[in-house]
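Structure first, commentary second.
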Amino acid sequence: MAESPSARIMLVALEPEVAALVEATCEGCHFDRIDSSADFVGQYEKWTDDSYHAFICGSKIADFSANEMAQVLLNQCPGTLKYFITSDASKYEPRLLVKNGFTSAYAYPMDAPLIKQSLRENILSRVGQRSFRTVRVLDLSAGDELDFETYIYLPLNNKYIRYTAANTAVDAKKLEKLQDHEMARLWVDHRDMNKFYQYSAMKLRALGESGLSSTERQEKLKDNVRMLFSDIFDQSVKADFDQGKEMIKQCESIISNYVTKGASSNWFQKLMNAIGEGGDTYNHASNVATFAALFGIGIGHPAPEDLAMAGLFHDLGMNQLPLEVQEKTLEQMTPEEQALYIAHPEKSLNMVKMKRIVIPERVEKAIMQHHEMWSGKGFPKQLPSVRISQDAQILSFADQFDYLTREREGAVRVTPLEALEKIRKTGSINPDLLSQIRRLLLKDKEAAAAKTV
Amino acid sequence: MFDPTTRVLVVDDMMTMRKIVAKACKDIGFTDIVEAADGQKAWEALQASAPQVGLVISDWNMPNCTGLDLLKRVRADSRFNKVPFVLLTAESEGHQVAEAVKSGVDNYIVKPFTPDLLQKKLEETHKRTANR
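See below:
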């Protein structure tokens, strides 16, 4: 019998709990270990790109710097995967570690789901082991043809079986079975994820442009957006695989495909790259862009791509504020700091212009007004409700929504509906818009009940 | 190309990287290689060295005295201002490179590099500096 291929992995100075995670995830692989600087120095010269599929390094050797490890490995094995994983994350700056040569740097246990996913997709896949991601296939109907395979996962046998073949019409009976089965989710090979994103975006667009009556069309769009939101915030399947984070990444890719209409030049991705150095602001920007566009699609906005663009840029100007000011609430700030903070929408616009990015006027307006409030008590101009654009209101909602629903130090993450109620209490958003968005955040059954009321 | 007997000063605070650069120099054919662990030690080595150092290959990011600081010192001193000087950097940062060029660097190499790339860069450097 042919031996199944296995990856060769070098573990360098890994802490025991991190090593255990890696070994469990990459069960069956061949591991070598180095736990002292003398061994590292004694061995690095013979390493080439053929030596290992990956180096996974940690912080257990006190007298050997992670950056030095990175540079040496980069020089010896430029084409090999090089990860850094530590439980002592406060001592390391991921950006610097990557600059010095690591492919990625992770903090344990916070990034455990990401680490596992990355190991599976980047190391195991290189030796022929497949990796699957769970997805929500939008609006799947009998007769549809997907250009990728889908799978069903059988947890008891830990097996994936093929549900639909690529480029073959989906069978009505099979579809019925899936819909009957409460646990049924579909899985897609991670290498097919781009096809899946394109399919989902195409499906959303097709719904928006279909020959259905406008009411039916909007209902269908709403249903699909609602399904995406319920996946993002589905707490029941959280466990150790942080599905929420994974789903929002998937949504971001779907939206990116949607707003660029599948064009070869992906401006959304380019703009995302243009805005930042990574970190929290970047995540916030891409989340707000995704949420704003999804809300827009769900309520029938004519140009969700403009909302996505506004989302990407709305807080660019915050980067110019000192970090300690960014972390304060408006009430905690000194008058000088408040003045700086209040100027951030304008600074955001100026920075967009400095980057020579041309944006539509409605996007400018949305950015400038995203802190104006329906009650007239917002900033910078304290505009009355009639003068605030709907785009700015959607952006403002998405901005507050991301803030409230994401995990923050010292704050309880709230559910989407709790977030909506908190936002309602601020008086910042038009109540009509809130009702429309509320319908997108209800679970399928609640939404059905709401429809019949 | 440089005369193989040219004394090469390799500067890097990371011991293993220093060894990698020194070994690459040896593989290219250089026979006289000295090492220093930071810019300050390199400066001392330059002044004490006999025969004189004929080529400096220095890392950019080092504590105390960076590669750029060392370059500025070297260029400001009439004894060494003609010595070919090559900087090694972890990534090419436009504005930093511009500053290094203004300060008189002769070439720079972005890590990772192979002995072949080092040789190519050193040949370029030799052509640029041979008539000083």
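As you go down the protein sequences, you meet chains A and B in turn. Under the numbering used here, think of the first position of the first sequence as 1, with each following residue one higher. Under the numbering used here, think of the first position of the second sequence as 454, with each following residue one higher. Quick reminder that beta carbons are idealized off the backbone N, C-alpha and C, glycines included. Quantities reported herein were computed from a predicted structural model and do not represent experimental measurements.
- Using beta-carbon distances, B:P568 does not count as an interface residue toward chain A, since no partner is under 8 angstroms.
- Residue burial is scored here from C-beta neighbours: A:I115 has at least 16 other C-beta atoms within 10 angstroms and is therefore classed as buried.
- DSSP places A:K82 within a strand segment (E or B) once states are collapsed to three.
- A distance of 8 angstroms or more separates the beta carbons of A:Q400 and A:I437.
- Close to chain A, meaning a Cβ-Cβ distance shorter than 9 angstroms, are the following residues of the region 552-567 of chain B: K564, P565, F566, T567.
- Proximity of A:V12 to chain B, defined by a Cβ-Cβ separation below 8 angstroms, is not satisfied.
- The beta-carbon separation of A:I342 and A:V352, rounded to 18 angstroms, does not stay under the 8 angstroms limit for a contact.
- In the structure shown, A:T48 falls within a coil segment according to DSSP collapsed to helix, strand and coil.
- Around A:E68, the beta-carbon contacts reaching into chain B at under 9 angstroms are D466, M467, M468, T469, M470.
- In the three-state DSSP reduction, B:K564 falls in the coil class, being neither helix nor strand.
- By the neighbour-count definition (other C-beta atoms within 10 Å, threshold 16), A:E324 is an exposed residue.
- When the beta-carbon positions are compared, A:F295 and A:L81 stay at least 8 angstroms from each other.
- Taking C-alpha positions only, B:K479 is separated from A:A38 by approximately 23 angstroms.
- Counting C-beta pairs with one atom in each stretch, the region 489-505 of chain B and the region 457-477 of chain B have three or more that are closer than 8 angstroms, which means they touch.
- Fewer than three beta-carbon pairs drawn from the region 362-371 of chain A and the region 327-340 of chain A are found closer than 8 angstroms, and the two stretches are therefore not classed as touching.
- Residues of the region 351-379 of chain A with a Cβ closer than 7 angstroms to any Cβ of chain B: none.
- Beta-bridge pairing by DSSP links A:S104 to A:Y83.
- With a threshold of 8 angstroms between beta carbons, B:A543 makes contact with chain A.
- Put simply, of A:N75, A:V12, A:S214 the residue whose alpha carbon is nearest the alpha carbon of B:T567 is A:N75.
- In the DSSP annotation of this structure, B:S511 is not part of any alpha helix (DSSP H); the continuous beta strand (DSSP E) holding it starts and ends at 508-512.
- Counting only runs of 3+ residues, the beta strand (DSSP E) found wholly inside the region 126-177 of chain A occupies 132-135, 150-154, 159-164, in chain order.
- Contact between B:L521 and B:A553 holds: their C-beta atoms lie close to 6 angstroms from each other, under 8 angstroms.
- For chain B, none of the residues of the region 86-97 of chain A brings a beta carbon within less than 8 angstroms of one of its beta carbons.
- One Cα belongs to A:R95, the other to A:E209, and the distance between them is close to 43 angstroms.
- Only V41, Y44 from the region 40-57 of chain A bring a Cβ to less than 7 angstroms from some Cβ of chain B.
- Around B:D456, the same chain offers no residue with a beta carbon nearer than 6 angstroms, after the five sequence neighbours per side are excluded.
- In the three-state scheme derived from DSSP, where H, G and I count as helix and E and B as strand, A:L434 is classed as helix.
- By the Cβ rule, the region 43-56 of chain A counts as touching the region 122-138 of chain A, because three or more pairs are nearer than 8 angstroms.
- Each of A:T415, A:P380, A:P322, A:G298 was checked against the Cα of A:S435, and the nearest Cα belongs to A:G298.
- The criterion of a C-beta distance shorter than 8 angstroms is not satisfied by B:K574 and B:V536.
- Judged by beta-carbon spacing, A:L73 lies beyond the 8 angstroms limit of A:G42, meaning their Cβ atoms are not closer than that value.
- Going by DSSP, A:V414 is part of no beta strand (DSSP E) at all; its letter is neither H nor E.
- Proximity of chain A to B:I510 at the Cβ level (cut-off 9 angstroms) is not reached, the minimal Cβ distance being about 14 angstroms.
- Within the model, the alpha-carbon separation for B:L524 versus B:D485 is close to 21 angstroms.
- In this chain, the beta strand (DSSP E) harbouring A:F31 covers 30-34.
- Rounded to whole angstroms, A:V386 and A:L140 show a C-alpha spacing of 41 angstroms.
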